[in-house]
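K.L.:
Starting off with a structure, shown below.
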Amino acid sequence: MHYVSLPDSTTRPLPFYLAMEEWLARNHTDDLFFMWQVAPTVICGRNQIVDLEVNLDYCRQNNIRVCRRKSGGGCVFADGNNIMFSYITSSANVTSTFSAYTSMVAGMLRDLGLPASATSRNDVLIGEHKVSGNAFYHLPDCGRCIVHGTMLFDTDMTHMSRAITPSRAKLESKGVKSVASRITTIKANSDITLAEFKSFTRKSLCGEKTLELTQCDVTRIEKMAEEISSDEWIYRKTSRATLCRTTRIDGAGEFTAHIDLAGSEIRSIDLSGDFFMLTDLDSGLLDRLKGVRYSREAILSALEHTDVHDVISGVNNDRFVNLII
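Quick note: the sequence shown uses our numbering, first residue 2, plus one each step.
As structure tokens, then:
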């Protein structure tokens, strides 16, 4: 695996690094890894509703930027004492790629002498506390997977707990009372410095292999970042709906389905939440239900040749229909 380095040490806005992941995935075929840090930022998952997940007033008052990524999952907070990891690889199996990555990170932490483990969903733990949350998405047109996540080194817990507002159902499902009560940091468990930790991580995962980007590469990446920097992308609203269904599915996440009906037929479905997508949600699933009668039998029939589990991690066809009916 090659470590990707930029031509300078400038700290860039978070959308740049998300665009950098995709640019690398589309323009290189090797396994790649890089680390990055940003000014205080909340990063929402692709399908989340920003107004429900983020304390926007607090973020404005404390100069905390809000962004949205292309991967699913929940909100995370990043600042200069938090390290972001990005991993790009070629794979047709998103689930196994994700599992391999979190196991690799947990193994690296164990090499530091920390009691780290990877969970079945998206976290890396030290003991029983979360130190790294991760998300992924697949680019089927080029056969590449992107896995990215946080590594909490010495993050501002006050900003984190006040900027992100998870639902009570999510916290109760994890048996905790607040965001801060379920996390830990590298600094709380080790005397290693931030610079030493970054150096150790790079050598542990990549050895001496390096891919150096040029200024021309940076310019192309900056152009790609414009789309995910826009307010339209970050604060996009759900469509007007006739019905709204909200539930939490163990092992999959929180779901809110906004269902727009024309008479007894489905006009559109908008699905929001912190779940993980394995492919495009609209073309892979939701668009197939347009014009279908709004009944359990009709929806199951329309999905006869569709395996929802291949679109949304942890959700089969019956669970999906129970969500929207």
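For every residue, glycine included, the Cβ atom is placed at its ideal position computed from N, Cα and C.
Computed from a predicted structure; not experimentally measured.
#1: Taking its Cβ as the centre, do 16 or more other Cβ atoms sit within 10 Å of C60, making it buried, or is it exposed?
#2: Might you give, ordered along the chain, the residues of its own chain that have their beta carbon closer than 7 Å to the beta carbon of T211, omitting 5 neighbours on each side?
#3: Just curious, the beta strand (DSSP E) that T98 is in, first and last residue?
#4: Below 8 Å on the Cβ atoms is my guess for R163 versus N56; work out the distance and round it to an integer in Å.
#5: Go ahead and pull the three-state DSSP assignment for R69.
#6: Among C146, F154, D232 and N318, whose alpha-carbon lies nearest the alpha-carbon of W37?
#7: Out of R249, P116 and I222, which has the shortest C-alpha to C-alpha gap to A189?
#8: Do you know how far the Cα of R70 is from the Cα of F17?
#9: Spell out the partners DSSP gives S118 in its beta bridges.
#10: Could you please give the first and the last residue of the uninterrupted beta strand (DSSP E) stretch that includes V77?
#11: Using DSSP with H/G/I as helix, E/B as strand and the rest coil, what is S296?
#12: Report yes if the CB atom of S91 is closer than 8 Å to the CB atom of R145, and no otherwise.
#13: In the structure shown, what three-state DSSP assignment does H306 receive?
#14: Between V125 and T103, how many whole angstroms is the CB-CB distance? I'm expecting something under 8 Å.
#15: Could you tell me the distance, in whole angstroms, from the CA atom of C45 to the CA atom of E54?
#16: When burial is assigned at 16 or more other CB atoms within 10 Å of the CB, is P8 buried or exposed?
#17: Under the rule that 16 or more other beta-carbon atoms within 10 Å means buried, what is P41, buried or exposed?
#18: Would you be able to state if there are at least three C-beta pairs under 8 Å between the segment 212-229 and the segment 134-151?
P.N.:
On the basis of the data shown:
#1: As a working mapping, residue 60 is identified with position 59 in the sequence shown. Classification for C60: buried.
#2: Position 210 of the sequence shown holds residue 211. Cβ neighbours of T211 beyond the five flanking positions: H3, Y4 and S6.
#3: Mapped onto the sequence shown, residue 98 falls at position 97. That residue, T98, is in no beta strand (DSSP E); its alpha helix (DSSP H) goes V95 to D112.
#4: Taking the sequence shown and counting its residues from 1, one reaches residue 163 at position 162. Taking the sequence shown and counting its residues from 1, one reaches residue 56 at position 55. Rounded, the Cβ-Cβ distance is 6 Å, consistent with contact.
#5: Within the sequence shown, numbered from 1, the residue matching residue 69 stands at position 68. Here R69 carries a strand assignment [DSSP, helix/strand/coil].
#6: Numbered from 1 along the sequence shown, position 36 holds the residue referred to as residue 37. Of the listed residues, the one whose Cα sits closest to W37 is F154.
#7: Within the sequence shown, numbered from 1, the residue matching residue 189 stands at position 188. Minimum Cα distance to A189 is reached at P116.
#8: In the sequence shown, residue 17 corresponds to position 16, counting from 1. In the sequence shown, residue 70 corresponds to position 69, counting from 1. Rounded to whole angstroms, F17 to R70 spans 11 Å at the Cα level.
#9: Locating residue 118 in the sequence shown gives position 117, where the first residue counts as 1. Answer by DSSP bridge pairing, in chain order: L126.
#10: Here residue 77 refers to the residue found at position 76 when the sequence shown is read from its first residue. First-last of the beta strand (DSSP E) with V77: V77 to A79.
#11: Taking the first residue of the sequence shown as 1, we reach residue 296 at position 295. Correct three-state label for S296: coil.
#12: Here residue 91 is taken as the residue at index 90 of the sequence shown, counted from 1. Here residue 145 is taken as the residue at index 144 of the sequence shown, counted from 1. In contact: S91 and R145 (Cβ atoms closer than 8 Å).
#13: Along the sequence shown, one-based indexing puts residue 306 at 305. Looking at H306 - three-state DSSP - the assignment turns out to be coil, as it is neither helix nor strand.
#14: As a working note, residue 125 is residue 124 in the sequence shown. As a working note, residue 103 is residue 102 in the sequence shown. Confirmed, Cβ separation roughly 6 Å.
#15: For the purposes of this step, residue 45 is taken as the residue at position 44 of the sequence shown. For the purposes of this step, residue 54 is taken as the residue at position 53 of the sequence shown. C-alpha separation (whole angstroms): 8 Å.
#16: Against the sequence shown, residue 8 aligns to sequence position 7. Exposed, because fewer than 16 other Cβ atoms sit within 10 Å of the Cβ of P8.
#17: In the sequence shown, residue 41 corresponds to position 40, counting from 1. Buried: at least 16 other Cβ atoms inside 10 Å.
#18: Flag = no, the segment 134-151 and the segment 212-229 do not touch.
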